[in-house]
Amino acid sequence: MVEKRGEEKGKDDTNMSLAAIMHAMQPGQQQKETGQEQMKQEMVLKIDKRRETAASLKKICLNIYWPNNTHQAVSIDDQTETVQDVIEKTIALVPTAQKPNFKYYALRLQNMITKETLWMNKTSKIQKLLIHIWNATCPNTECPQLQKNILLEKPLNINDNLSIWRPELRIRYLPNSIEELHAEDKITCHFYFDQVCMFIIAIYPFLLQK
């Protein structure tokens, strides 16, 4: 009986030792699993950050000119956005609480050499506008040759000094009277006066010749 009890006690001691070893190993194992989980989360964050960076690299910065000759640098996506999107983005950058109403505005391309003007359809993809800025060879907005010859590697920032065509935001649609415009949208009304003044200054030399 004594020997049997001794054997049982030895087994109990062994079981207790194994339990103690397993208990001692658990924190280390938990730390290891926690470390692996943290590494996974960090990798996911890095992948998301790379995706965000890649998406931001697709954005193109384009200077849009107002009637008073000031400009706004607008970030655009040439794959998805339309001319209307760019109009709304530019107007949203006006530093006032009440923004101008975009229904009065249109976007055009002004040739800085010939002074030719191309009005862009609001539903057109902004890529069509960029094709002209990158390739100033044809005034036709539907020219297939421009589509074919467009460069594969496009600059992310459009430098005005390197382009013949300048994108300009202009007031093209008006209510029945200036008084009505002033009552509805004072900022647009002021821009309209700037636009008229710039137009008069531009044609004044030709008026003098006549």
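Quick note on numbering: the sequence shown equals residues 6 to 215 in the numbering used here.
Backbone N, C-alpha and C fix where the C-beta goes; we use that ideal spot for every residue, glycine too.
If you're wondering where the values come from, they're calculated on a predicted model, not measured in any experiment.
Determine the direct distance from the alpha carbon of residue j to that of residue i, and round the result to whole angstroms.
i: Leu112; j: Leu50; result: 39 Å
i: Gln200; j: Gln84; result: 31 Å
i: Ile176; j: Pro72; result: 8 Å
i: Ile138; j: Leu114; result: 9 Å
i: Leu135; j: Glu42; result: 46 Å
i: Glu189; j: Lys120; result: 32 Å
i: Val91; j: Leu186; result: 23 Å
i: Ala207; j: Leu67; result: 24 Å
i: Met44; j: Ile96; result: 44 Å
i: Pro180; j: Glu47; result: 56 Å
i: Gln89; j: Lys133; result: 13 Å
i: Ile65; j: Asp82; result: 6 Å
i: Val79; j: Lys191; result: 23 Å
i: Thr193; j: Trp170; result: 24 Å
Which class does residue i belong to by DSSP, given the choice of helix, strand or coil?
i: Ile81; result: strand
i: Gln103; result: coil
i: Leu98; result: coil
i: Trp124; result: strand
i: Ile118; result: coil
i: Ile169; result: coil
According to the neighbour-count rule (16 or more other Cβ atoms, all chains shown, within 10 Å of its Cβ), is residue i buried or exposed?
i: Trp124; result: exposed
i: Pro210; result: exposed
i: Pro100; result: exposed
i: Ser168; result: buried
i: Leu98; result: exposed
i: Cys202; result: exposed
i: Glu86; result: buried
i: Tyr178; result: exposed
i: Ile118; result: exposed
i: Phe204; result: exposed
4 or more residues per run - each alpha helix (DSSP H) lying fully within the stretch 171-197:
183-189
Are the stretch 123-133 and the stretch 96-106 touching, with three or more C-beta to C-beta distances below 8 Å?
no
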